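Numbering-wise, the sequence shown is residues 554 to 758 according to this note's numbering.
Report on one structure; see the data block that follows.
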Amino acid sequence: MNSRSVAEDVTQLSSAGRLLSYNAVMFLSTTRDAFDESAQTALRQYIRAGGGFVGVHNAFGTEYNWPWYEGLLGNANFYDHSANQPGTVVTVGRRDASTQGLPRTWTFSDEWYNLVPAPTRVRVLAEVDESTLARGVRGNLGHPGHGEHHPVSWCQYYDGGKAWLTTLGHDVRAWTDEPMEGDRFFVQHLLGGVKSVLGMAPFCR
554 MNSRSVAEDV TQLSSAGRLL SYNAVMFLST TRDAFDESAQ TALRQYIRAG GGFVGVHNAF
614 GTEYNWPWYE GLLGNANFYD HSANQPGTVV TVGRRDASTQ GLPRTWTFSD EWYNLVPAPT
674 RVRVLAEVDE STLARGVRGN LGHPGHGEHH PVSWCQYYDG GKAWLTTLGH DVRAWTDEPM
734 EGDRFFVQHL LGGVKSVLGM APFCR
């Protein structure tokens, strides 16, 4: 199996046969209508053959008009987001590979995504405590937030494959050496999810 490949060229998704040499596909802040018809077919066939998917941040702002992809995201889609601001992430459960070793709560800065629809039939792994958002949770299009349980990460088995999803990851400091409160917990969380999708750890526990 290939260990990794990075591409911004949709032709890399032109056939399921090409994708099947990989253990997982990761969408790292993709946007809008990224796929042509052949790429959509290839991704669907890849997942149905047992492939893995990791969706990060604006993977939720991608392919709005493709119901199958919305299902892959956990029957969820981006609607709007609050101001980019610090908030408290609440770790939900400690059994999953992506939550083991994380503190019960940790501070992190992000655009806190509001989702329509919100995820259903998934295992929620982390939430944001809306009461800790000093500038409020209301989105720029007026979404009032999700209340007591505002999911930011979850996982699911879907259509024969595996999917691990997080709306976190907007701030570039989370991805670089520039320090940011909570960045090591975010990276630990994400890497645990990636490893579980790759089959290097139990998935979605």
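Ideal placement from N, C-alpha and C gives every residue a C-beta, glycine not left out.
Note that the coordinates shown come from a computational prediction; the quantities given were computed from them, not determined experimentally.
How many angstroms separate the CA atom of THR652 from the CA atom of HIS742?
Position 99 of the sequence shown, counting from 1, holds the residue named residue 652. Position 189 of the sequence shown, counting from 1, holds the residue named residue 742. Each residue's Cα considered, the two are about 6 Å apart.
Between which two residues does the beta strand (DSSP E) carrying PHE661 extend?
Position 108 of the sequence shown, counted from the first residue, corresponds to residue 661. That run of the beta strand (DSSP E) goes 658 to 668.
State the CB to CB distance for the pair VAL681 and TRP665, rounded to an integer number of angstroms; the pair is presumed to be in contact (CB under 8 Å).
Counting from one through the sequence shown, the residue named residue 681 turns up at place 128. Counting from one through the sequence shown, the residue named residue 665 turns up at place 112. With a Cβ gap of about 5 Å, VAL681 and TRP665 count as contacting.
Going by C-alpha distance, which of GLN598, TYR599 and PHE613 is nearest THR720?
Taking the first residue of the sequence shown as position 1, residue 720 is located at position 167. Per the Cα distances, PHE613.
Indicate whether VAL705 and VAL609 have their beta-carbon atoms separated by less than 8 Å.
In the sequence shown, counting from the first residue as 1, residue 705 sits at position 152. In the sequence shown, counting from the first residue as 1, residue 609 sits at position 56. Not a contact, by the Cβ cut-off of 8 Å.
What does a CB cutoff of less than 6 Å around GLN709 pick up in its chain, not counting 5 residues either side in sequence?
Counting from 1 along the sequence shown, the entry for residue 709 is found at position 156. Only GLY627, VAL675 and ALA716 meet the Cβ criterion.
Within 10 Å of its beta-carbon, does GLY654 have 16 or more other beta-carbons around it, so buried, or fewer, so exposed?
Here residue 654 corresponds to residue number 101 of the sequence shown, with the count starting at 1. Classification of GLY654: exposed, given that the 10 Å Cβ count is below 16.
Contact between the stretch 594 to 609 and the stretch 565 to 582 is defined here as three or more beta-carbon pairs at a separation below 8 Å; is this criterion met?
yes
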